[in-house]
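Each residue of the sequence shown is one higher than the one before, counting from 2 in our numbering.
Idealized CB from N, CA, C, for every residue including glycine.
In this text, all values refer to a predicted model and were calculated from it rather than measured experimentally.
Here the structure comes first, spelled out in structure tokens, and everything after it is commentary.
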Amino acid sequence: EAAAWFLVAQLPSSSATHLVLSAEYQQQGKATCVSVNWTLGDPQLEVINTATGRRRDSGTPSRLCKHALFTRWSRLRTPSPTALMYSEAKVAARPYQTAKQQWFKSLQEMGLGTWVKKPPEQDQFLLSV
């Protein structure tokens with residue numbers, strides 16, 4: 002619990018956090034094969050197969066996939082006359098980069114290891130305008 006609060010305290014002030022704390026922390030021998038997400042306003046939970054990143058009920062990409070989040074983000078910003086590269090937009094997001102670097106640093110300082118990174122090719126896709 003203290004570790005979670007330490008990590009949150011190190012985030013930039015513009016960050017929003019929602020912690021779920023449990024009195025009993027259990028380490029599992031093997032990760033589950035599903036992930037569940039929801040937000041206020043969603044009509045239902047979204048259950049994702051963690052091996053594929055796709056919805057278990059329909060096989061379609063998750064509403065939290067990079068492309069879906071990038072599309073939503075692009076609707077909030079000033080329109081661009083050219084197509085946007087996800088990797089470039091991510092690098093240019095200074096508050097995100099600051100929070101990410103602090104997260105990586107905190108993991109190291111607390112002896113929790115390093116964040117596993119996916120291949121950079123996965124961030125090299127365009128969003129058509």
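ask   = Do the region 79-92 and the region 123-130 meet, that is, are 3 or more Cβ pairs less than 8 Å apart?
value = yes
key: Buried or exposed by the 16-neighbour rule on C-beta atoms within 10 Å, applied to E122   = exposed
task = Kindly indicate which three-state DSSP category S81 falls into: helix, strand or coil?
result = coil
request  = Note down the Cα distance separating T33 from P82, rounded to an integer number of angstroms.
outcome  = 43 Å
ask   = Any idea what DSSP makes of P121, helix, strand or coil?
value = helix
query = Can you name, in chain order, every residue of its own chain whose Cβ lies under 7 Å from the Cβ of L108, other than the five neighbours on each side?
reply = Within the same chain, L108 has close Cβ partners G114, T115, W116.
ask   = Do L91 and Y97 have their C-beta atoms within less than 8 Å of each other?
value = Note that residue 91 is Lys in the sequence shown, not Leu. Closer than 8 Å, so yes.
request  = Return the chain-ordered list of same chain residues with a C-beta closer than 8 Å to the C-beta of A52, the five sequence neighbours on each side being excluded.
outcome  = C34
key: Residues near R56 by beta carbon distance below 8 Å, same chain, minus five either side   = E47, V48, I49, N50, P62, S63
task = Mind checking which residues open and close the beta strand (DSSP E) that includes S36?
result = 35-38
query = What are the boundary residues of the alpha helix (DSSP H) that includes S88?
reply = Counting along the chain, S88 sits inside the alpha helix (DSSP H) bounded by residues 87-93.
message = Please report the straight-line C-alpha distance between L74 and G112, rounded to a whole angstrom.
response = Note that residue 74 corresponds to Trp in the displayed sequence, not to Leu. If you take the alpha carbons of W74 and G112, they lie about 33 Å apart.
8 Å contact criterion, which N38 and L65 should meet: CB distance rounded = With a Cβ gap of about 6 Å, N38 and L65 count as contacting.
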